[in-house]
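Here's the structure, in structure tokens; my notes come after.
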Amino acid sequence: MATIGTTPAKNELDLMDMVEQSLSSESRAIRHHKSFSKLAKLLFSPRLSGVSNLSPSPVLMVGNHSLFSLDVPLIQSSMLTETGRFVRAMADKVLFKNPSTKSLILNMGGVLGSPVVGSSLMEKGKDLMVFPGGSYEVNKPIHERYTLKWKDRVGFVRLAAKHGYTILPFATVGPDEFYDRYCEGIEWFDSPFGKLLRKTGLLSDNIRQDLLVPIPKGVLGTFIPKPQKFYMGICEPLNLSEYKSQDLDDGTLVEIRDVVAHRIEAKIHELLLMRVQESSRGNWLRRQLVR
Numbered sequence: 001m002a003t004i005g006t007t008p009a010k011n012e013l014d015l016m017d018m019v020e021q022s023l024s025s026e027s028r029a030i031r032h033h034k035s036f037s038k039l040a041k042l043l044f045s046p047r048l049s050g051v052s053n054l055s056p057s058p059v060l061m062v063g064n065h066s067l068f069s070l071d072v073p074l075i076q077s078s079m080l081t082e083t084g085r086f087v088r089a090m091a092d093k094v095l096f097k098n099p100s101t102k103s104l105i106l107n108m109g110g111v112l113g114s115p116v117v118g119s120s121l122m123e124k125g126k127d128l129m130v131f132p133g134g135s136y137e138v139n140k141p142i143h144e145r146y147t148l149k150w151k152d153r154v155g156f157v158r159l160a161a162k163h164g165y166t167i168l169p170f171a172t173v174g175p176d177e178f179y180d181r182y183c184e185g186i187e188w189f190d191s192p193f194g195k196l197l198r199k200t201g202l203l204s205d206n207i208r209q210d211l212l213v214p215i216p217k218g219v220l221g222t223f224i225p226k227p228q229k230f231y232m233g234i235c236e237p238l239n240l241s242e243y244k245s246q247d248l249d250d251g252t253l254v255e256i257r258d259v260v261a262h263r264i265e266a267k268i269h270e271l272l273l274m275r276v277q278e279s280s281r282g283n284w285l286r287r288q289l290v291r
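Throughout the sequence shown, residue numbering follows the UniProt record's numbering, covering 1 to 291 in sequence.
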């Protein structure tokens, strides 16, 4: 009985400690992203549009997600250098199980995707970013590039409404094509190699299917990402200040979520069209390396 009673309190203390670590490492994360932006400009030529849609008040950015989460530092560095806004990315709990990975994520401006953590940072007026598709969207098969895999998730709407935050939808194009595939995650999992890993105990039969990472094929067949040009577009925001402290019903949560999703999907289409229109302007070397 005592264990059951104290576990939630301990977990909450751990989460609040993570919030404090995130706050204390903010200046370090900003330095990292300013340095990374120089490499990003060289390799991916980031282009950010729709900045006029950025609210002066704190925002919860919501967008599509890509393999290995390589889109995250590009988004963060673009926002920082182009708008001066430092945005914390909320990440899957599996990434925080390893102390080294946890430290790296915190130092790069990432935090655990938890309502407790999100609420605490919103109370401090911090900009946050979430990907409702999570690892399902990260590890989606190649034929589902630039599609949202949100299922029935509405937690981000509930969190934003609770604090009267503005939801800022955005879309990115480029990161979904940083890699082709040698093999999709589910393919190698069901292959003789995957069966051997499970038989020897190196891989669990009960592993989350969304964590099955595809085997990537980058530049010249290596694991180096292809230098696709990075496009990011900010959509029209949704101000949820009228819902602050309210307990929204499921219908309202779904309605707001669907509006966000539709704006992102429309922006993805717009960015893909923009890329086609600008394709002839790309340099010869980039065109060869992304083939």
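Beta carbons are placed, not taken as given, at the ideal position from N, Cα and C, and that holds for glycine. Being a predicted model, the structure only gives us computed values, none of them experimental.
A Cβ-Cβ distance of about 18 Å is found for the pair PRO169 and ARG47, leaving them out of contact under the 8 Å criterion. Around the Cβ of SER241, a 10 Å sphere holds fewer than 16 other Cβ atoms; the residue is exposed. Contact between the region 210 to 222 and the region 159 to 177 is absent: fewer than 3 CB-CB pairs across the two stretches fall below 8 Å.
The Cβ-Cβ distance between VAL87 and MET108 does not fall below 8 Å. In the structure shown, GLY110 adopts extended strand secondary structure according to DSSP, grouped into three states. With contacts defined by Cβ atoms closer than 8 Å, ILE256 and VAL157 form a contacting pair. Within the UniProt domain "Phospholipid/glycerol acyltransferase" (59 to 175), the beta strand (DSSP E) runs of at least 3 residues that lie entirely inside it are, in chain order, 59 to 63, 87 to 91, 110 to 112, 127 to 130 and 166 to 173. Straight-line spacing of the CA atoms in LEU67 and MET90 works out to 16 Å. For ASP180, the secondary structure class from DSSP, reduced to helix, strand or coil, is strand. Counting along the chain, the unbroken alpha helix (DSSP H) around PRO192 starts and ends at 192 to 199.
For ARG47, there is no enclosing alpha helix (DSSP H); the residue is found in the beta strand (DSSP E) stretching over 47 to 49. A check of alpha carbon separations from PHE193 across ILE215, ARG291, SER135 and PRO225 identifies ILE215 as the nearest.
The beta carbon of SER77 is closer than 8 Å to those of HIS33, LYS34, PHE36, SER37, ALA40 and PRO46 in its chain, skipping five residues each way along the sequence.
The region 226 to 236 makes no contact with the region 138 to 154: fewer than 3 CB pairs, one atom from each, lie closer than 8 Å. Taking every protein chain shown into account, the CB of ASN139 has 16 or more other CB atoms within 10 angstroms, so this residue is buried. It is roughly 15 Å from the alpha-carbon of THR252 to the alpha-carbon of ILE167. Annotated three-state conformation of ASN239 is strand, per DSSP.
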